[in-house]
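Residue numbers (the working numbering), protein chains in the order written: chain B, 50 to 161; chain P, 41 to 152.
This is the structure we're talking about:
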């Protein structure tokens with residue numbers, strides 16, 4: 050069985066400050082990890098993913114996440130957030146032969 | 041390019057009425073198809089997924105059902121809606137389990 054834990058349901062942060070959204074997973078097999086973003090009243094969009102290779106993956110809009118196998122984590126970070134980053138962020142995991150399991154989401158609120 | 045459509049965008053239905061939500065994908069063949077429900081504070085819950093025509097896997101026992109009458113068409117139905125069926129319904133497709141999921145714009149269902 051696989052599961053995803055997003056410990057923070059809401060994260061308020063001031064504009065231009067750094068942010069970290071935490072994600073921990075459990076899986077009995079090799080994992081593939083994803084971060085999706087959902088803007089209000091829209092569907093989810095892929096932000097970044099880890100399949101193999103470098104444990105540090107980056108998105109085009111400045112987010113990055115690091116796969117840490119020993120800590121079973123895939124935390125999402127950005128050194129300086131913008132108002133436009135206000136959204137809900139979902140971490141997801143799959144073992145390859147199983148369905149994708151999503152976390153409950155973290156709402157990032159960027160304060161001007 | 042691939043696109044995914046969902047309709048209607050919003051729906052208000054009385055308790056006990058039937059439901060039919062439709063999802064279609066363009067620009068790809070034999071996609072994996074998914075129905076999710078997003079309720080406030082509960083994150084993303086996988087309801088059904090399909091790896092081919094007529095092949096439906098149900099994740100959560102409930103009064104909802106799904107069908108895949110064509111390769112790129114996925115329908116979510118109910119014979120009698122409950123108050124607890126209210127939520128934001130998202131359809132998604134992927135080329136495979138470890139591939140990115142692409143989400144539709146969603147349907148906001150309110151059961152009164």
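Just so it is clear, CB atoms sit at the ideal spot from N, CA and C, and this is done for glycine as well.
Counting along the chain, where does the beta strand (DSSP E) carrying residue i start and finish?
{"i": "residue 157 of chain B", "result": "155–160"}
{"i": "residue 52 of chain P", "result": "50–53"}
{"i": "residue 80 of chain P", "result": "Per DSSP, residue 80 of chain P belongs to no beta strand (DSSP E) and is neither H nor E."}
{"i": "residue 117 of chain B", "result": "113–117"}
{"i": "residue 67 of chain B", "result": "Where residue 67 of chain B is concerned, there is no enclosing beta strand (DSSP E), given that its DSSP letter is neither H nor E."}
{"i": "residue 112 of chain P", "result": "Residue 112 of chain P -> no beta strand (DSSP E), and no H or E assigned at all."}
{"i": "residue 141 of chain B", "result": "136–143"}
{"i": "residue 150 of chain P", "result": "147–151"}
{"i": "residue 130 of chain P", "result": "127–134"}
{"i": "residue 107 of chain B", "result": "105–107"}
{"i": "residue 98 of chain B", "result": "93–99"}
{"i": "residue 62 of chain P", "result": "59–66"}
{"i": "residue 124 of chain B", "result": "122–127"}
{"i": "residue 53 of chain B", "result": "52–54"}
Compare the C-beta of residue i with all C-beta atoms of chain P and state if any pair is closer than 7 Å.
{"i": "residue 156 of chain B", "result": "no"}
{"i": "residue 95 of chain B", "result": "yes"}
{"i": "residue 111 of chain B", "result": "no"}
{"i": "residue 127 of chain B", "result": "no"}
{"i": "residue 148 of chain B", "result": "yes"}
Taking Cβ to Cβ, would you say residue i is nearer than 7 Å to residue j?
{"i": "residue 112 of chain B", "j": "residue 125 of chain B", "result": "yes"}
{"i": "residue 79 of chain B", "j": "residue 52 of chain B", "result": "no"}
{"i": "residue 78 of chain P", "j": "residue 86 of chain P", "result": "no"}
{"i": "residue 151 of chain P", "j": "residue 81 of chain B", "result": "no"}
{"i": "residue 108 of chain B", "j": "residue 93 of chain B", "result": "no"}
{"i": "residue 42 of chain P", "j": "residue 131 of chain P", "result": "no"}
{"i": "residue 149 of chain B", "j": "residue 141 of chain B", "result": "yes"}
{"i": "residue 63 of chain P", "j": "residue 127 of chain P", "result": "no"}
Taking all protein chains shown into account, do 16 or more other C-beta atoms lie within 10 angstroms of the C-beta of residue i, making it buried, or fewer, making it exposed?
{"i": "residue 61 of chain P", "result": "buried"}
{"i": "residue 44 of chain P", "result": "buried"}
{"i": "residue 50 of chain P", "result": "exposed"}
{"i": "residue 127 of chain B", "result": "buried"}
{"i": "residue 105 of chain B", "result": "exposed"}
{"i": "residue 76 of chain P", "result": "buried"}
{"i": "residue 141 of chain P", "result": "buried"}
{"i": "residue 94 of chain P", "result": "exposed"}
{"i": "residue 129 of chain P", "result": "buried"}
{"i": "residue 82 of chain P", "result": "exposed"}
{"i": "residue 110 of chain P", "result": "exposed"}
{"i": "residue 54 of chain P", "result": "exposed"}
{"i": "residue 120 of chain B", "result": "exposed"}
{"i": "residue 106 of chain P", "result": "buried"}
{"i": "residue 59 of chain B", "result": "exposed"}
Along chain B, in chain order, which residues have C-beta atoms closer than 8 Å to that of residue i?
{"i": "residue 138 of chain P", "result": "81, 100, 143 and 145"}
{"i": "residue 8 of chain P", "result": "Here chain P has residues from 41 to 152 only, and residue 8 of chain P is not among them."}
{"i": "residue 130 of chain P", "result": "92 and 93"}
Could you list which residues in chain P have their beta carbon closer than 7 Å to that of residue i, in chain order?
{"i": "residue 86 of chain B", "result": "Those do not exist, as residue 86 of chain B stays about 11 Å from chain P at its closest Cβ, beyond 7 Å."}
By the criterion of Cβ-Cβ separation under 9 Å, what are the contact partners of residue i in chain B?
{"i": "residue 114 of chain P", "result": "Neighbours of residue 114 of chain P on chain B: none; closest Cβ ~14 Å, over 9 Å."}
{"i": "residue 141 of chain P", "result": "83, 85, 93, 95, 141 and 149"}
For residue i, go through chain B and note every residue whose CB falls closer than 7 Å to its CB, in chain order.
{"i": "residue 145 of chain P", "result": "91 and 92"}
With a threshold of 7 Å between beta-carbons, can residue i be considered close to chain B, or not?
{"i": "residue 89 of chain P", "result": "yes"}
Please compile the residues from chain P whose C-beta is within a distance smaller than 9 Å of the C-beta of residue i.
{"i": "residue 139 of chain B", "result": "83 and 84"}
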